[in-house]
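Chains as they are written, first to last, in the numbering used here: chain A, 40 to 446; chain B, 40 to 446; chain C, 40 to 446; chain D, 40 to 446.
Ideal Cβ placement from N, Cα and C applies to all residues, glycine included.
Because the structure is a prediction, the values reported are computed rather than measured.
Number of protein chains: 4
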Amino acid sequence: MAKPLISVDLSRPAHEQDGLHNRWHPEIPPAATVRPGDIFRLEMKDWTDGQIGDNDSADDVRDVDLSVVHILTGPVHVDGAEPGDLLVVDLLDLGPLDRDAWGFTGIFARENGGGFLTDVFPEARKACWDFEGIFARSRHLPGVRFPGIVHPGLIGTAPSAELLATWNRREAALVATDPDRVPTLANLPTATNATLGALRGAQFDRVAAEGARTVPPREHGGNCDIKNLSRGSRIFFPVYVDGARLSMGDMHFSQGDGEITFCGAIEMSGFADLHVDLIKGGMAKYGLTSPLFKPGPVEPRFENYLVFEGISVDERTGEQRFVDATLAYRRACLAAIDYLANFGYSREQALLILGTAPIEGRISGIVDVPNACCTLYLPTSIFDGDIVPSSGPIPTIGGGSAALPSS
Amino acid sequence: MAKPLISVDLSRPAHEQDGLHNRWHPEIPPAATVRPGDIFRLEMKDWTDGQIGDNDSADDVRDVDLSVVHILTGPVHVDGAEPGDLLVVDLLDLGPLDRDAWGFTGIFARENGGGFLTDVFPEARKACWDFEGIFARSRHLPGVRFPGIVHPGLIGTAPSAELLATWNRREAALVATDPDRVPTLANLPTATNATLGALRGAQFDRVAAEGARTVPPREHGGNCDIKNLSRGSRIFFPVYVDGARLSMGDMHFSQGDGEITFCGAIEMSGFADLHVDLIKGGMAKYGLTSPLFKPGPVEPRFENYLVFEGISVDERTGEQRFVDATLAYRRACLAAIDYLANFGYSREQALLILGTAPIEGRISGIVDVPNACCTLYLPTSIFDGDIVPSSGPIPTIGGGSAALPSS
Amino acid sequence: MAKPLISVDLSRPAHEQDGLHNRWHPEIPPAATVRPGDIFRLEMKDWTDGQIGDNDSADDVRDVDLSVVHILTGPVHVDGAEPGDLLVVDLLDLGPLDRDAWGFTGIFARENGGGFLTDVFPEARKACWDFEGIFARSRHLPGVRFPGIVHPGLIGTAPSAELLATWNRREAALVATDPDRVPTLANLPTATNATLGALRGAQFDRVAAEGARTVPPREHGGNCDIKNLSRGSRIFFPVYVDGARLSMGDMHFSQGDGEITFCGAIEMSGFADLHVDLIKGGMAKYGLTSPLFKPGPVEPRFENYLVFEGISVDERTGEQRFVDATLAYRRACLAAIDYLANFGYSREQALLILGTAPIEGRISGIVDVPNACCTLYLPTSIFDGDIVPSSGPIPTIGGGSAALPSS
Amino acid sequence: MAKPLISVDLSRPAHEQDGLHNRWHPEIPPAATVRPGDIFRLEMKDWTDGQIGDNDSADDVRDVDLSVVHILTGPVHVDGAEPGDLLVVDLLDLGPLDRDAWGFTGIFARENGGGFLTDVFPEARKACWDFEGIFARSRHLPGVRFPGIVHPGLIGTAPSAELLATWNRREAALVATDPDRVPTLANLPTATNATLGALRGAQFDRVAAEGARTVPPREHGGNCDIKNLSRGSRIFFPVYVDGARLSMGDMHFSQGDGEITFCGAIEMSGFADLHVDLIKGGMAKYGLTSPLFKPGPVEPRFENYLVFEGISVDERTGEQRFVDATLAYRRACLAAIDYLANFGYSREQALLILGTAPIEGRISGIVDVPNACCTLYLPTSIFDGDIVPSSGPIPTIGGGSAALPSS
């Protein structure tokens, strides 16, 4: 692979580098141009722009400045792409940067980010990961080692002005229902710490004020956090603007379905080798208004899983909810956390494992009123000992401690 | 395999057979007794007790009497099982009955059952399936053929009186929030068409009035509709009453994750070869209050999937919802239905395919506020032609029609 | 599945049943007729015609009459099949007969059958197997349990008179090089115990004298013993005679690659549900003179293997042979047998395990003169304990004894 | 990953670099030292020391100097390793060198190297490969693209003086049976072009004269060409000398089982990230005299194969051979080559595909005298079109030409 189309400088902040941005807007200028059929490499900074360190304190996670996220590489302009086309993107290869080969996982504090189970786990925690070839291992999570499914947490095309306006309108309406909620219901545009590639001046100010935050997935892809967008995948993206303007970032060495700790994958900087092509008029031909993809051929292969079930009954109140898959998955996650606590892990460590290991989260039943049934598939061979029920748990597989914040 | 421990007579209704029941209650008398270590066969009627026919009219689906469901075989008393134990159940083999080898799938009418997408698909439809060894094929869904993942939609232990009371209380509270809703929010106990094995007399009347309906999954297992509880799986069930009292039914030749048509699997009668064992005191040892399982080793192996994404924005109103996985999966399902309509299928046929084929429904991202991201994995080799995006869809893979109700 | 097209009576010998035969010859009369597109069931006796019993003595294996083998069901005439066509056979389902659900594995005595390692294992041994749904377990091989890959050891079309003459000529020429060898180099035609379906009289005598033995695989398929011809496979057979005349038998519940004990699979009676079709003129269109197949989708899935290597150096003499894959696989098998002996198994038991469990035998390197490198993949999860090298072997996984002959 | 423990200079020949060698001998001095538990990177030159170019002429393959091969990196001394131990080597990651990311495959000329099918394919041919992330594609083999299973063709520990003497003695005895054969029966020691790391002087001359050639696999591992020794594999090597002295090379981006073109893999330079450990006294504890390994978790996953069968009848003479797996695999390979010729490939191109694509070669039956049955599994999704038999082959999937020698 030749010189990257866009490189990153890990020693300088993103806003000093023209190939990076952290908002979605059609006017962010392309950082590079390619043609259909091209193969090229992009480099990405980690999503926090280097705010988190490889150390044993969770202070950086607790105090992270989330107005900075996510640092994306791009946009890449694809010659000939027009609104209504499908942009075909092959993820030919993905991996960490040789010069920065480590990762981190955080539980965000309730007051600064939160996460799926923030009411149960309100305090910041961190685990740092060593990469041993295709495997990851953390000194903060002993007894666990697994092969990664490297993927970009975030990849998408630029929205049109109209689509952007729709996003901003509907998310503002949601926030308006409970504007003081902590954590917030949605992250609305903010100029603070906006990075917009080479854009400068008055246009910068306008775009920073309008640009959508990168937190959620939307109709263009975005922060889907789909762990199976890994090596060899082919994605079909709707094209909303001339040139498609593809951006990506938030590289994950591994992640469990749901990314339930929020900063939940093994976060890292990284590279991607891409191939792009076009299906002219593809959105209409196939009636597509959201991305579609084909997974790649080399995901890790597991034989043995332990599967936890969850239903939509709130464990805090005993209240029955109506076919609520979010709650059902919460219950499956909590069941798995409680279970792992039998084997020597703290519940925070168990959460960090489920956020990062290649677990599968399934919507198994969603019609059996009033309960949804969600299931969590935990591959058992990631542990150094046997966790399947037998005569009683072995309490010494885990141990140690996640990184804590200073008190 | 020797004579079944419990056989069914397909020519007679369930209430005339002592080994069957259709409510959950600790006082339903055991239909048979086994010991830990035993291997035995159970036979099951289809969940509707034979109300649906192998024909080209959906009248039977439209008019089905849902007070009859689900017809379960059991309870089986396991010697030595006591509350607090884990009952270990191996599904050694599963399959259709040689004497009744066909299946059906229905879309329930909005006024009689409904389903996950009942607002979009309010009318009854049906597809009938021929089993060709391990494969299923339907004259109502041409161009589709796939290997089944046979499983019991419903399997569980009996609740204790206390647990039953909890269920009835919490579900009644939910119904009370909108008692006239169609479809109903939950199915509360009803004596109508209650079948309770050999129970008779005043105790029958009391149990029929108290017995929980079998529709939802709960803390004992029940109607989980987990397609991966297939051949070779091992399940660990909490034991709530002496003898554990295991029951099962609702056999599926195949089902997609979610069972999104409600009567959405390929429904059939069938058999199961079981092995049972006990982990004494296992609930406390492992801190379990819901079932846990290990999938079996012979699920079909697919190389190629097409994956559809959904986010929690309501497609009817454009409204942004907060991390709603149920809605996100709805969007993924609708995207897949729209997509399949490019290939010659009606949208009802597409729904029937997604309810029955071995699709996977995943909770991919559930922390990226305000959107959940759910994904639907459709194995592409189940179709007779290529459905991956290329220069344009081949509109002739499908064709024909689902079975309609008479007008 | 309706009534079998051809049934077997397990209580009577094959020669009393018109649908069975044990030689290959174009003049064996069809036992049934089907049309392209038909789906039908065949039943098969075990390959020895019931000579082996479910007991703890290997006398029956030691004394087996091999002139009786293999008992095949058929031939089935396919309407419209002509020489030069390809017969497409789908193995829709396969399994044991409910009324005879057990299996056996034998090590043949050197003087009566022999086998791949007969110089090392010259005495008869036997293991009997219980089927527990999809799993097999033997009281003679404790500590082992695995899912079967059910397949017909033997399936093929009838040879033309010319092809039959070629077989007999070339095999006689081989035997002539060492006519007194024990075991024999090849089994030449013999009228003793010939079973030829409904054939009688002078034609019987001629066909019995000419008919090829069923022992080896040949250009029509035959005794390929390919373990992956399992559920859902599609086979393309050359057609050499009008009607194709398909026969099959030698049902195996499971077998390791190589079937290294000769009577090495888990042998049983069984059934097969078949679908047949034709590609007219397919042999010329595709240039085929031997069968081709597509494996099915539901073979067991293993994550962990232990792999043994063998090279073509004779372990008895230290002699270097030239790229001899047969010898290299012998060395890999012996390495695995020696290894398993560390865990409490006798070497005869280890051989019985490798003959029956779903091991894979690979030709890894075949150009690196003078050594071939063959590898044996042993799935480790079939054992009740861990057999991967660590600080030292656990000598108590196995135990017990294979069935011995009376002395 | 930090600086490699041993780097290679691609611009200089191996004999000018102290970390490389091309013979096996216990006295080749260690190029580096590690301790049990260490993780480190090695770099490897391609096996020919750069003799083959990325161009459209096969002259370099035809004229290759084979006294130079194989260029190995090492030996690496492992502190504490003693004869009788097992050296545990984890292949944590493997890949091409970023600065040399391409590959080649050759058919060697009969007079200079030959190969498995050299009597059928006596002339030199070449294909050059582009790496597109995890995929490989060759301009000389259009219509084919597949994910690689990167592995070292060659990895092993140093032999003891005694073991080396055994090798030289037994291989000389084989050559003596036909000393003038072309190609040779075995490659005996030769000082010509011997490269021995830092060794110099009289010791160099003696070791060069005694050192075993690296062509075959032997009791220490060596040139096993096992394609499944890929990412994440763990190998247990016998230790024959103090320090174990591990060497490796002959990196393959991909290879089919058998490596049937001899220079048959996709040959390249590359890197390996290794972890080493020791099992003290492991050879005796486990009775091991050859390597053992566990495959890794990320091999490509295929759903569809087309399987070709071969038996041990010589296609040139019609002669029946006795259970000859080498011949049976030859027949399976030739059947596959003939078959691919229906789709627009020359037979040389078909051979190049089978040597490089992730085909599996299986010993299916090896007891059915007089035939062995070997099978070749060809994954069908590596082709741009459908190669499964239907109404007739599509002759336009392939095309173009392998690189030819100048005439």
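Buried or exposed: which applies to residue i, given that a residue is buried once 16 or more other Cβ atoms fall within 10 Å of its Cβ?
i, result
"A/D104", "exposed"
"B/D99", "buried"
"D/V108", "buried"
"C/R51", "exposed"
"B/K84", "buried"
"D/S293", "buried"
"D/V427", "exposed"
"D/R138", "exposed"
"B/S445", "exposed"
"C/E338", "buried"
Considering only C-alpha positions, which residue in the set the options is nearest to residue i?
i, options, result
"C/V117", "C/V100, C/F275, C/D281, C/E171", "C/D281"
"D/Y368", "D/F382, D/S403, D/P339", "D/S403"
"A/G58", "A/P75, A/P65, A/E82, A/H64", "A/E82"
"A/G89", "A/W63, A/W141, A/H64", "A/W141"
"D/P65", "D/I91, D/T223, D/E249", "D/E249"
"A/Y384", "A/P122, A/T253, A/S440", "A/S440"
"D/L327", "C/P432, C/G240, C/S269", "C/P432"
Going by the CB atoms, is the gap between residue j and residue i shorter than 8 Å?
i, j, result
"A/L131", "A/S308", "no"
"C/M290", "C/L111", "no"
"D/L345", "C/K333", "yes"
"A/V395", "A/G297", "For the record, residue 395 of chain A in the displayed sequence is Thr; it is not Val. No, the pair does not count as a contact, with Cβ atoms beyond the cut-off."
From which residue to which residue does the beta strand (DSSP E) around residue i run?
i, result
"A/W141", "141 to 146"
"C/T112", "111 to 117"
"C/L44", "C/L44 -> no beta strand (DSSP E), and no H or E assigned at all."
"C/T414", "412 to 418"
"B/V128", "125 to 134"
"D/M290", "285 to 291"
"D/L180", "Element bounds for D/L180: n/a, residue is neither H nor E."
"C/S351", "Counting along the chain, C/S351 falls outside any beta strand (DSSP E), and DSSP gives it neither H nor E."
"B/V315", "309 to 318"
"B/C302", "301 to 306"
Looking at the secondary structure, which residues open and close the alpha helix (DSSP H) in which residue i lies?
i, result
"B/M322", "321 to 325"
"A/A371", "364 to 379"
"B/I392", "386 to 395"
"C/G240", "240 to 249"
"B/R208", "200 to 215"
"D/V100", "98 to 101"
query: Would you call the region 176 to 185 of chain A and the region 113 to 128 of chain A in contact, with 3 or more CB pairs under 8 Å?
result: Segments in contact, no.
field: the region 254 to 264 of chain B touching the region 345 to 363 of chain A, judged by at least three CB pairs closer than 8 Å
entry: The region 254 to 264 of chain B and the region 345 to 363 of chain A touch, with no fewer than 3 CB-CB distances between them shorter than 8 Å.
field: Cβ contact check for the region 298 to 318 of chain B and the region 208 to 221 of chain B: 3 or more pairs under 8 Å
entry: Per the Cβ contact rule, the region 298 to 318 of chain B is not in contact with the region 208 to 221 of chain B (fewer than 3 Cβ pairs under 8 Å).
Validate contact between the region 264 to 279 of chain D and the region 221 to 238 of chain D using beta carbons, cut 8 Å, 3 pairs: With a cut-off of 8 Å, the region 221 to 238 of chain D and the region 264 to 279 of chain D do not count as touching, because too few Cβ pairs lie within range.
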